[in-house]
Amino acid sequence: MAAKRRTLRRTLAGGKSRARGHAAGAGEIVRAAIYPAIGVARVGNSKDGWFLAPEVPDPLPQPSGFYRDGTGALKRQAVRFRVYGLDADGRPVRELTAANAVINWTVHLANQKAAWYEYRAAQDIPEAESAPAPMLRNITVGDRAGLVIDPGSRHISGPNVHGGKAHVFDTGKFMGTPVYLGELRTDEAGRLVVLGGHGKSASYNGTRAITFANNEAWHDDVSDGPVRAEVQHEGRVLKVDPAWVVVAPPNYGPMQKSVRTMWDLMRDVAIKAGTLAAPPRPSFDGDIRPIFERLSRLQWVNAGFAAAFGWQGPFDVATPQWLARLGAKSDDDMEMRRVLANNFRNFERDAWSPVPWPWLYGDAMNVPTLHTPRAFATLTDTQLAMLDQWAAGDFEPGDPQCEPPRKLEDVPLAAQPDTLDRASLEFCLADAFDPGCEMTWPMRIKTMYVAPFRLAHADPEWAEPSYGAAFTAHLLTLPNGPFFGQAPGGITRWMAVPWQTDTASCRSGLTPSYDPYLPTFWPARVPNQVLSEADYEIVIDDKQPLGERLAAFARRADWNRELGLHTSYTEQINHMIDHFADMGVVEVRDGVEKSPHFPLVMEVENLPHVVRARLSAAVERRLAAAPRTDLSTIAKANRFPRGLLRTRG
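Here it is as structure tokens:
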């Protein structure tokens with residue numbers, strides 16, 4: 066273990082740099098690139114409402130109700146793409162817009178889920194050998210093309226282009242039925258804006274959904290595909306690095322980040338591949354502080370995290386006092402740093418215990434727990450190595466006055482491209498790939514990328530061959546196979562179909578005899594327990610007895626209660642398909658000023674008006690006390706019905 070960590074620390078200290086020296090003509094634009102390299106849009110059922118995805122990693126919170134329209138429907142999250150002109154060393158010279166360049170955008174969205182392989186387990190882990198073999202979905206359907214929703218490419222250029230038939234992805238069909246996947250727009254500077262679908266899922270033969278990931282005859286309207294641009298600048302046609310767009314499910318915790326984000330995972334992949342340099346020592350503010358802040362913020366989406374890392378909890382590590390101490394290079398605190406760092410799970414040390422942080426289910430999650438370290442999640446090797454350096458005092462100290470940029474315009478030009486990448490991917494999950502929310506386990510495979518955070522693209526004329534009825538291990542390394550250049554729909558096809566059934570299955574505390582709230586799946590995107598509107602109103606009412614206010618603050622409502630927790634699992638997942646927009650969005654609210662009992666800022670569940678109207682505090686308490694259907698036996702929690710047959714490593 067120690068040797069492996071030392072090796073990675075040497076990698077962090079001595080990785081290759083992407084920019085060496087100054088070529089002739091440095092500072093002159095010689096090519097261009099689209100950012101973010103992977104942009105994430107999200108579905109929503111609002112007819113016209115939408116908002117832009119975060120463009121900095123730490124945006125300011127939006128006002129209450131921002132994520133819903135006037136009817137209570139969920140707005141879609143759109144993603145904006147920009148073009149940056151680069152010099153010969155790959156450094157940004159300026160952003161290229163309609164004011165200084167001619168930009169013609171091309172986007173191709175597709176949904177391949179129903180024609181792809183089932184999700185059974187992440188196929189890049191040894192435990193996959195013990196799971197049932199993934200077969201093609203809808204294997205009895207001979208017309209495989211009829212299962213792929215592919216409307217083809219759409220093109221757009223110029224400023225302020227707001228929709229129009231030519232820019233809508235609505236000609237793709239699922240088994241003969243047209244499916245809308247989204248549309249293109251441009252902003253006032255000619256930047257590209259991509260919107261996805263409306264969260265509509267259906268089966269072509271009327272069958273009900275019965276499981277979390279592989280529902281036969283079903284489709285949804287998430288998608289993904291390449292984003293390209295033709296750019297002319299000062300009379301020259303520039304070579305442009307293309308990007309990718311992923312249309313994902315809604316984000317029900319828009320200010321939350323998981324402890325290991327997709328940016329962390331892709332950074333780790335690039336560092337290990339030698340394509341990305343890491344700093345010789347971690348920055349407390351950039352690398353260490355986010356880990357502890359994320360643990361603390363999960364208090365608003367999981368009751369177990371609230372008890373340990375929440376307000377006045379034993380590890381309330383996101384307070385200014387804690388952060389000032391954690392960010393100081395004091396030898397007196399070295400043992401304190403070491404103890405905290407050693408609390409994080411390490412696969413080589415911690416086996417299958419649920420106790421080490423971050424208390425999240427892993428790729429080989431199962432009930433009962435399997436004897437494998439991957440039963441629970443850990444941080445990336447890069448994060449763990451940086452924690453080791455931090456514990457030893459080898460880090461850049463924190464700045465208590467540090468205020469992160471809240472909008473892209475506050476970021477220096479040279480840092481804007483990387484900022485856009487990080488902002489996009491830090492709000493994506495990289496926890497248990499079971500299968501996940503936005504992207505899943507193939508993102509760990511280095512051949513998926515042509516550069517850090519930038520996916521490899523298949524040739525637009527390339528036709529993917531059939532790989533057989535069952536997924537086999539040889540596909541992981543097959544030249545020009547599914548883990549090399551990607552075609553439209555190639556990223557989201559690994560996810561659950563429809564996405565709502567997986568989201569409704571993402572619970573916590575599936576072994577109540579251990580803990581009713583922990584471990585958990587993906588609380589940063591799919592909350593478990595939340596501070597309800599009714600309890601929040603009690604907390605902030607200083608006319609209420611203090612004891613009642615404290616009790617209301619301590620309570621957490623089950624986020625899934627709207628699904629009908631006493632009904633069957635089948636009823637719950639089908640309710641989610643039809644009513645996903647009725648689920649709460651956890652938003653930032655003002656807390657209580659000048660009070661030792663309550664924080665200044667809280668995160669509170671926002672529900673549609675019609676749902677909120679019937680959930681008084683008394684009703685909430687009755688729901689909390691009602692018996693619930695046991696979900697520990699569902700397929701999501703029992704992916705290895707025969708146990709582990711054999712494991713490597």
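Here this note's numbering is used: the sequence shown runs in plain steps of one and ends on residue 714. Idealized CB from N, CA, C, for every residue including glycine.
### Query
If Arg185 and Val562 are in contact, beta carbons under 8 Å, what's the gap, nearest whole angstrom?
In the sequence shown, residue 185 corresponds to position 120, counting from 1. In the sequence shown, residue 562 corresponds to position 497, counting from 1. The Cβ separation is near 13 Å, so there is no contact.
### Beta-carbon proximity check, Asp152 vs Glu93, cutoff 7 Å
Taking the first residue of the sequence shown as 1, we reach residue 152 at position 87. Taking the first residue of the sequence shown as 1, we reach residue 93 at position 28. It is a contact, given that the beta carbons lie within the stated cut-off.
### Query
Tell me the DSSP bridge mates of Lys238?
Numbered from 1 along the sequence shown, position 173 holds the residue referred to as residue 238. Per DSSP, Pro243.
### Message
Taking the straight line between their C-alpha atoms, what separation do you get for Ala67 and Leu630?
### Response
Walking along the sequence shown from the start, residue 67 turns up at place 2. Walking along the sequence shown from the start, residue 630 turns up at place 565. Below a pLDDT of 50, predicted positions are generally treated as unreliable, and Ala67, at 41, falls in that range; the measurement from the model is reported next regardless. Each residue's alpha carbon lies about 46 Å from the other.
### Query
Can the beta-carbon of Val144 be found closer than 7 Å to that of Gly109?
For the purposes of this step, residue 144 is taken as the residue at position 79 of the sequence shown. For the purposes of this step, residue 109 is taken as the residue at position 44 of the sequence shown. Result no, Cβ atoms of Val144 and Gly109 do not sit closer than 7 Å.
### Query
Among residues of its own chain, excluding the 5 on either side of Ile130, which ones have a beta-carbon nearer than 7 Å to its beta-carbon?
Counting from 1 along the sequence shown, the entry for residue 130 is found at position 65. It should be pointed out that residue 130 corresponds to Gly in this sequence rather than to Ile. Asn671.
### Query
What three-state label does DSSP hand Thr585 in the structure shown?
In the sequence shown, counting from the first residue as 1, residue 585 sits at position 520. In this structure, Thr585 counts as strand in the three-state DSSP scheme.
### Task
Determine the extent of the beta strand (DSSP E) in which Met667 is found, giving its start and end residues.
Indexing the sequence shown from 1 puts residue 667 at position 602. Per DSSP, Met667 belongs to the beta strand (DSSP E) from 666 to 671.
### Task
Along the alpha helix (DSSP H) that carries His220, what are the first and last residues, could you check?
One-based indexing of the sequence shown puts residue 220 at position 155. His220 -> not in any alpha helix (DSSP H); beta strand (DSSP E) instead, spanning 218 to 222.
### Query
Does the count of Cβ pairs from the segment 418 to 433 and the segment 332 to 343 closer than 8 Å reach three?
no
### Message
Short of 7 Å in beta carbon distance, which residues of its chain neighbour Gly656, apart from the five on each side in sequence? Order them along the chain.
### Response
By 1-based counting over the sequence shown, the position of residue 656 is 591. Hits under 7 Å: Phe663, Pro664, Leu665, Val666, Met667.
### Task
Pull up the CB-CB distance for Val653 and Pro126, whole angstroms please, since I reckon it's below 8 Å.
Locating residue 653 in the sequence shown gives position 588, where the first residue counts as 1. Locating residue 126 in the sequence shown gives position 61, where the first residue counts as 1. 4 Å between Cβ atoms; contact.
#### Entry: Cβ-based burial, Arg354 [other Cβ within 10 Å; buried from 16]
The sequence position of residue 354 within the sequence shown is 289, counting from 1. It is buried - the Cβ of Arg354 has at least 16 other Cβ atoms within 10 Å.
### Query
Going by Cα to Cα distance, which pick from Pro347, Asn165, Arg256, His227 is closest to Gly300?
Residue numbering aside, residue 300 sits at position 235 when the sequence shown is read from its first letter. With distances taken between Cα atoms, Gly300 lies closest to Asn165.
### Distance CB(Gly318)-CB(Ala589) smaller than 7 Å
One-based indexing of the sequence shown puts residue 318 at position 253. One-based indexing of the sequence shown puts residue 589 at position 524. It is a contact, given that the beta carbons lie within the stated cut-off.
### Task
Please decide whether Asp459 counts as near chain B, where near means a Cβ-Cβ distance under 7 Å.
Here there is only one protein chain, and chain B is not present.
#### Entry: For Val148 and His298, the rounded distance between their alpha carbons
Start at 1 with the first residue of the sequence shown, and residue 298 comes out as number 233. Start at 1 with the first residue of the sequence shown, and residue 148 comes out as number 83. Their backbone Cα atoms lie some 11 Å apart in a straight line.
### Message
Taking the beta strand (DSSP E) that Gln142 belongs to, which residues open and close that run?
### Response
Taking the first residue of the sequence shown as position 1, residue 142 is located at position 77. Here the beta strand (DSSP E) through Gln142 covers 141 to 151.
### Query
In chain order, what residues of the same chain have a beta carbon less than 7 Å from the beta carbon of Lys140, not counting five sequence neighbours either side?
One-based indexing of the sequence shown puts residue 140 at position 75. Excluding residues within five positions, the ones whose Cβ falls inside 7 Å are Gly109, Ser111, Gly114, Trp115, Phe116, Tyr132, Arg133, Asp134.
### Task
Would you check if the distance between the CB atom of Ala187 and the CB atom of Trp587 is smaller than 7 Å?
Against the sequence shown, residue 187 aligns to sequence position 122. Against the sequence shown, residue 587 aligns to sequence position 522. No; because the gap between Cβ atoms is not below 7 Å, this pair is not in contact.
#### Entry: Beta carbon of Pro577 nearer than 7 Å to that of Pro419
Translated into positions along the sequence shown, residue 577 becomes position 512. Translated into positions along the sequence shown, residue 419 becomes position 354. In this structure, Pro419 does not lie closer than 7 Å to Pro577 by Cβ.
### Query
beta strand (DSSP E) containing Asn169: first to last residue?
If you number the sequence shown from 1, residue 169 lands on position 104. Start and end: 167 to 173.
### Runs of alpha helix (DSSP H) wholly within the segment 649 to 698 (minimum 4 residues, chain order)
674 to 677, 682 to 690
### Query
Three-state secondary structure (DSSP) at Met200?
Within the sequence shown, the letter at position 135 stands for residue 200. In this structure, Met200 counts as strand in the three-state DSSP scheme.
### Message
For the beta strand (DSSP E) containing Ala371, name the first residue and the last one.
### Response
Walking along the sequence shown from the start, residue 371 turns up at place 306. Counting along the chain, Ala371 falls outside any beta strand (DSSP E), though it belongs to the alpha helix (DSSP H) covering 368 to 374.
### Message
Tell me the rounded alpha-carbon separation between Arg677 and Ser597.
### Response
By 1-based counting over the sequence shown, the position of residue 677 is 612. By 1-based counting over the sequence shown, the position of residue 597 is 532. Approximately 9 Å, taken between the alpha carbons.
### Query
With a CB to CB cut of under 6 Å and the five nearest residues on each side skipped, what residues in its chain are close to Pro423?
As a first step, residue 423 is located in the sequence shown; it is residue number 358 there, counting from the start. If we look at Pro423 and ignore the five residues flanking it on each side, its Cβ neighbours are Val324.
#### Entry: Whether Ser573 touches Asn593 by CB criterion (7 Å)
Residue numbering aside, residue 573 sits at position 508 when the sequence shown is read from its first letter. Residue numbering aside, residue 593 sits at position 528 when the sequence shown is read from its first letter. Contact flag set, yes.
### Task
Give the single residue among Pro581, Leu444, Ala343 whose Cα lies nearest to the Cα of Asn407.
Residue 407 sits at position 342 when you count from the first residue of the sequence shown. Of the candidates Pro581, Leu444, Ala343, the one whose C-alpha sits nearest the C-alpha of Asn407 is Leu444.
### Query
In terms of residue numbering, what span does the beta strand (DSSP E) encompassing Phe289 cover?
For the purposes of this step, residue 289 is taken as residue 224 along the sequence shown, with counting starting at 1. The amino acid occupying residue 289 in the given sequence is Asp; Phe does not appear at that position. Asp289 -> beta strand (DSSP E) spans 288 to 298.
### Task
Have a look at Phe518 and Ser660 and give me their C-alpha separation to the nearest angstrom.
Along the sequence shown, read from residue 1 onward, the residue named residue 518 stands at position 453. Along the sequence shown, read from residue 1 onward, the residue named residue 660 stands at position 595. When rounded, the distance between both Cα atoms is 44 Å.
#### Entry: Segment limits, alpha helix (DSSP H) that includes Gly612
Along the sequence shown, read from residue 1 onward, the residue named residue 612 stands at position 547. Here the alpha helix (DSSP H) through Gly612 covers 611 to 619.
#### Entry: Integer Cβ distance of Pro438 from Asp415, believed to fall under 8 Å
Locating residue 438 in the sequence shown gives position 373, where the first residue counts as 1. Locating residue 415 in the sequence shown gives position 350, where the first residue counts as 1. Rounded, the Cβ-Cβ distance is 6 Å, consistent with contact.
### Task
For Ala179, count neighbouring C-beta atoms within 10 Å of its own C-beta (all shown protein chains included) and say buried if the count is 16 or more, exposed if not.
As a working mapping, residue 179 is identified with position 114 in the sequence shown. Its Cβ being crowded by 16 or more others within 10 Å, Ala179 is buried.
### Task
In the DSSP assignment, find the alpha helix (DSSP H) that holds Ile642 and state where it starts and stops.
Counting from 1 along the sequence shown, the entry for residue 642 is found at position 577. Note, Ile642: alpha helix (DSSP H), 634 to 644.
### Query
Taking Ile510 as the reference, which of Ala456, Glu685, Leu541, Ser288 has the closest Cα?
What you label residue 510 is simply residue 445 of the sequence shown in a count that begins at 1. Closest by alpha carbon: Leu541.
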